[in-house]
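If you read the sequences in order, they're chains A and B. Note that the working numbering has the first sequence beginning at 607, numbered continuously upward. Note that the working numbering has the second sequence beginning at 2, numbered continuously upward. Beta carbons are placed, not taken as given, at the ideal position from N, Cα and C, and that holds for glycine.
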Amino acid sequence: MAEQKKVKSSLALRSWKKLVRNKLAMIGVVVAIAMILASIFANIVTPYSPTKIDFANMTKAPSLQHLMGTDKMGRDVLAQVLYGGRVSIYVSVVGAVLGSVVGMILGGLAGWFGGKVDSILVRTSEIFLTFPNMMLVLILVAFVGQGVNNLIFIFFITGWMTPFRMVRNEFLSLREETYVEVCKAFGISDVSIMFRHILPNTISPIVVATTINIANYILQEAGLSFLGLGVPVTIPTWGNIMNAATSIDVIRNYWWLWLFPGLVISVFVLAVNFAGDGLRDVLDPKQ
Amino acid sequence: MLYYFMRKLLAIIPMLLLISVIVFVAIQFSPIDPVNYLASPDMAANSQNLQALRQLLGLNDPIYVRYIRWLGNMLHGNFGYSIVDGSSIAKLIAMKLPATFEISFAALIISTIFGIGIGILSAIKQNTFIDYLGRIIGVVGISIPQFFFGIILIQFFSIKLGWLPVGGRIELGYKTWWDHVPNMILPSLALGISMTAALLRYARNSMLDIMSKDFIKTARSKGIPEWKVYIKHAFRNALGPTLVILAFRLPILIGGSVMIEAVFSWPGIGAIILQGVSSSDYPVIMMTTLMIAAAMLIASFLVDLIMALLDPRIRFER
Numbered sequence: 607m608a609e610q611k612k613v614k615s616s617l618a619l620r621s622w623k624k625l626v627r628n629k630l631a632m633i634g635v636v637v638a639i640a641m642i643l644a645s646i647f648a649n650i651v652t653p654y655s656p657t658k659i660d661f662a663n664m665t666k667a668p669s670l671q672h673l674m675g676t677d678k679m680g681r682d683v684l685a686q687v688l689y690g691g692r693v694s695i696y697v698s699v700v701g702a703v704l705g706s707v708v709g710m711i712l713g714g715l716a717g718w719f720g721g722k723v724d725s726i727l728v729r730t731s732e733i734f735l736t737f738p739n740m741m742l743v744l745i746l747v748a749f750v751g752q753g754v755n756n757l758i759f760i761f762f763i764t765g766w767m768t769p770f771r772m773v774r775n776e777f778l779s780l781r782e783e784t785y786v787e788v789c790k791a792f793g794i795s796d797v798s799i800m801f802r803h804i805l806p807n808t809i810s811p812i813v814v815a816t817t818i819n820i821a822n823y824i825l826q827e828a829g830l831s832f833l834g835l836g837v838p839v840t841i842p843t844w845g846n847i848m849n850a851a852t853s854i855d856v857i858r859n860y861w862w863l864w865l866f867p868g869l870v871i872s873v874f875v876l877a878v879n880f881a882g883d884g885l886r887d888v889l890d891p892k893q
Numbered sequence: 002m003l004y005y006f007m008r009k010l011l012a013i014i015p016m017l018l019l020i021s022v023i024v025f026v027a028i029q030f031s032p033i034d035p036v037n038y039l040a041s042p043d044m045a046a047n048s049q050n051l052q053a054l055r056q057l058l059g060l061n062d063p064i065y066v067r068y069i070r071w072l073g074n075m076l077h078g079n080f081g082y083s084i085v086d087g088s089s090i091a092k093l094i095a096m097k098l099p100a101t102f103e104i105s106f107a108a109l110i111i112s113t114i115f116g117i118g119i120g121i122l123s124a125i126k127q128n129t130f131i132d133y134l135g136r137i138i139g140v141v142g143i144s145i146p147q148f149f150f151g152i153i154l155i156q157f158f159s160i161k162l163g164w165l166p167v168g169g170r171i172e173l174g175y176k177t178w179w180d181h182v183p184n185m186i187l188p189s190l191a192l193g194i195s196m197t198a199a200l201l202r203y204a205r206n207s208m209l210d211i212m213s214k215d216f217i218k219t220a221r222s223k224g225i226p227e228w229k230v231y232i233k234h235a236f237r238n239a240l241g242p243t244l245v246i247l248a249f250r251l252p253i254l255i256g257g258s259v260m261i262e263a264v265f266s267w268p269g270i271g272a273i274i275l276q277g278v279s280s281s282d283y284p285v286i287m288m289t290t291l292m293i294a295a296a297m298l299i300a301s302f303l304v305d306l307i308m309a310l311l312d313p314r315i316r317f318e319r
């Protein structure tokens, strides 16, 4: 057991070294983490409150006091971006992780038991995949309503299919391996074989899929809130800040109200995508 | 071959029925009672009137009877009515479909030409400047929110340069179809470029995948000119997986893009969907969904068709 651990950690170490050598991926990881930290410690980074209305300072262009300017109610845009990041990142990370966990469990069950369980779950995932993703999200918004937790729920409902299929297919092929038979012969329980002996083999592609889902959910939250259908407008999120740009007056006259939040969203998603691409290169054993 | 296609075609029917059941149930269980908006207020004051109306409309029948009636209505082109303004959904869709089709078609063409073109070029010139440029376009393209890109286009081309209108579509008072074009350019461009990135990445990857195969080495060692290797050997094989992505994009022709249509206030199907979701107009949402799901099923049939035409091994499997 001790020896096994050692081998494992050295593999992790090798992967880590590979990741460090991949410059773009490293930049992605560093930028994403920096932005997450800036959001978490928003109250230290900026003295302003994202929701405090200040009629003396309405729609001020960027200056040293307000680095990203202020909006139509005098709220500091930088503070909104920082605090908004908390909600946006929280929603997409939790949504993506939940989707992956549920997808993995269902995929494991389907691949292990096969038969009826498998065909029902596969059919269900096929029906979900028949709808374009954005459409599915919008339907669910219509039925579930808006809100932070509702959005997380919607993301996980629409995101479990890819991890499910990955894990299921992996289970189907690994189920026949000799080591699984050996486990069975030792009398190890089904649950233990499934989750301790087969599942770890499927982790790498799932990690990559989760990363890519995080990037997609950031974009979806931004899009939905931009349309006024995501998180209620009273809570600052990256999409809600962009919501101001639905009026042509804002696009024309107050560029800082949409350019900065738009750039912040793009840079964060870009960083996560770089990290995801890098992870794929590192974790893919075929490379 | 024919047997294979028939089987695939027939497989669509149960799927479509299943989705129609889901859609029907979703409309039934939506929190709004259709009787309440049909009856006038003074009529609704008496609950007996409402009961009579329910009886008349057949709303008291068992659910499977109502489902079959609903299905029959749809086959006759009656898609039901909006619960917000009572307009016919079939008419609404028919009216908005051309607008969506225009920009989606233009966007599909733009994204296909640039996506496949740059993707293939990027793969052929791997690790050169062109490849880096292609890869940057690919990853930046999937990272920028669609609406943000649309706003940048509006700011630059409409407001700064004043070349093109900021949005909307000329519905009345145009002489020829060409009068539409100035309004069409920006939304088509925004949608097209945002769709390019994913295709570009995909085309590049599948081309690289093929280029590392042994038969490419064989072709080269036979002394075939390099361009011929790329076009006749590599591209033809890389085309299959790329066509699959394209086929799955066809439903956008009737579904449109909610985001782009909102940014450019384009009156298409996406706008109907957005309107429906914002005003909880469940019948409208579900009928457009059904339409898009049907298009998606047809697209996946097309994928099977393409794959079978390109790869004889698939055709003969049972």
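C-alpha distance - residue i paired with residue j, whole-angstrom precision
i                : j                : result
Gly721 (chain A) : Met767 (chain A) : 19 Å
Val24 (chain B)  : Gly224 (chain B) : 59 Å
Ile13 (chain B)  : Tyr65 (chain B)  : 22 Å
Val651 (chain A) : Val182 (chain B) : 48 Å
Met894 (chain A) : Thr852 (chain A) : Outside the modelled stretch of chain A, which goes from 607 to 893, sits residue 894 (chain A), for which no answer is possible.
Leu251 (chain B) : Ala295 (chain B) : 11 Å
Asp887 (chain A) : Arg771 (chain A) : 21 Å
Ser301 (chain B) : Leu291 (chain B) : 15 Å
Asp305 (chain B) : Pro146 (chain B) : 32 Å
Ser89 (chain B)  : Gly163 (chain B) : 38 Å
Tyr283 (chain B) : Gly81 (chain B)  : 11 Å
Asn822 (chain A) : Leu11 (chain B)  : 34 Å
Arg781 (chain A) : Ser731 (chain A) : 21 Å
Gly784 (chain A) : Leu625 (chain A) : Note that residue 784 (chain A) corresponds to Thr in the displayed sequence, not to Gly. When rounded, the distance between both Cα atoms is 32 Å.
Asn775 (chain A) : Phe761 (chain A) : 23 Å
Asn238 (chain B) : Lys229 (chain B) : 13 Å
Leu51 (chain B)  : Asp62 (chain B)  : 15 Å
Ala263 (chain B) : Lys97 (chain B)  : 14 Å
Met308 (chain B) : Glu227 (chain B) : 27 Å
Lys218 (chain B) : Gly717 (chain A) : 38 Å
Pro313 (chain B) : Met288 (chain B) : 38 Å
Per-residue contacts from residue i into chain A (C-beta, under 8 Å)
i                : result
Gly120 (chain B) : In chain order: nothing, as chain A lies at least about 16 Å away.
Met297 (chain B) : Thr736, Phe737, Pro738
Ile286 (chain B) : Leu744, Ile745, Ala748
Close beta carbons around residue i, own chain, < 6 Å, minus the five adjacent residues each side
i                : result
Gln686 (chain A) : Pro656, Pro842, Ile847
Pro188 (chain B) : Ile104, Ile261, Phe265, Trp267
Arg319 (chain B) : Caution is warranted here: a pLDDT of 48 is assigned to Arg319 (chain B), below 50, making its placement in the model unreliable, and no coordinate value can be reported.
Gly634 (chain A) : Ala877, Phe880, Ala881
Leu746 (chain A) : Ile760
Per-residue contacts from residue i into chain A (C-beta, under 9 Å)
i                : result
Tyr283 (chain B) : Ala748, Phe749
Thr101 (chain B) : Ordered by position in chain A, no residue passes the 9 Å Cβ test against Thr101 (chain B), which lies about 13 Å from the chain.
7 Å Cβ cut-off: residues of chain B touching residue i
i                : result
Arg858 (chain A) : Ile160
Trp766 (chain A) : None at all; the shortest Cβ gap to chain B is about 17 Å.
Trp864 (chain A) : Ile152
Ile854 (chain A) : Val167
Ala828 (chain A) : Pro146
Under 7 Å from the C-beta of residue i: neighbouring residues of chain D
i                : result
Leu778 (chain A) : Here the protein chains are A and B, and chain D is not one of them.
Proximal residues of chain B, C-beta to C-beta of residue i below 9 Å
i                : result
Leu825 (chain A) : Ile143, Ser144, Ile145, Pro146, Gln147
Ala851 (chain A) : Phe148, Phe149, Ile152, Val264
Ile650 (chain A) : Near Ile650 (chain A) there are no residues of chain B at all, since even the closest Cβ is about 28 Å away, more than 9 Å.
Neighbourhood of residue i by C-beta, 7 Å cutoff - its chain only, sequence neighbours within 5 removed
i                : result
Val814 (chain A) : Gly882, Leu885, Arg886, Leu889
Ala199 (chain B) : Ile143
Chain-order list of residues whose beta-carbon lies under 8 Å from that of residue i (same chain, five-residue window excluded)
i                : result
Met710 (chain A) : Pro769, Phe770, Val773, Leu805, Thr808, Ile812
Val26 (chain B)  : none
Per-residue contacts from residue i into chain A (C-beta, under 7 Å)
i                : result
Val278 (chain B) : Leu744, Val747, Ala748, Leu835
Ala294 (chain B) : Thr736, Phe737
Leu275 (chain B) : Leu833
Partners in chain B for residue i, counting only beta-carbon separations shorter than 8 Å
i                : result
Trp718 (chain A) : Those within 8 Å of Trp718 (chain A) in chain B number zero; the least Cβ separation is about 26 Å.
> With a cut-off of 8 Å, do at least 3 Cβ pairs link the segment 205 to 215 of chain B to the segment 120 to 128 of chain B?
Replying inline: yes
> Do three or more CB pairs link the segment 94 to 107 of chain B to the segment 242 to 257 of chain B at distances below 8 Å?
Replying inline: yes
>> Beta carbons nearer than 8 Å to chain B: which residues of the segment 730 to 759 of chain A have them?
In response: Glu732, Ile733, Thr736, Phe737, Pro738, Met740, Met741, Leu744, Ile745, Val747, Ala748, Phe749
> Which residues, taken in chain order from the segment 237 to 260 of chain B, show a beta carbon closer than 7 Å to some beta carbon of chain A?
Replying inline: Pro252, Gly256, Val259, Met260
> Which residues, in order along the segment 149 to 160 of chain B, keep a beta-carbon less than 7 Å from a beta-carbon of chain A?
Replying inline: Phe149, Ile152, Ile155, Gln156, Ile160
>> Against chain B, which members of the segment 866 to 881 of chain A pass a CB distance test of less than 9 Å?
In response: Pro867, Gly868, Leu869, Ile871, Ser872, Val873, Phe874, Val875, Leu876, Ala877, Val878, Asn879, Phe880
>> Tell me whether the segment 236 to 250 of chain B and the segment 799 to 808 of chain A touch, counting them as touching only if at least three CB pairs, one residue from each stretch, are closer than 8 Å.
In response: no
> Which of the residues in the segment 184 to 214 of chain B, read from start to end, lie with their CB under 9 Å from any CB of chain A?
Replying inline: none
> On the three-pair Cβ rule with 8 Å, is the segment 684 to 701 of chain A touching the segment 722 to 738 of chain A?
Replying inline: no
> Which residues, in order along the segment 127 to 141 of chain B, keep a beta-carbon less than 7 Å from a beta-carbon of chain A?
Replying inline: Val140, Val141
> Would you call the segment 122 to 139 of chain B and the segment 147 to 157 of chain B in contact, with 3 or more CB pairs under 8 Å?
Replying inline: no
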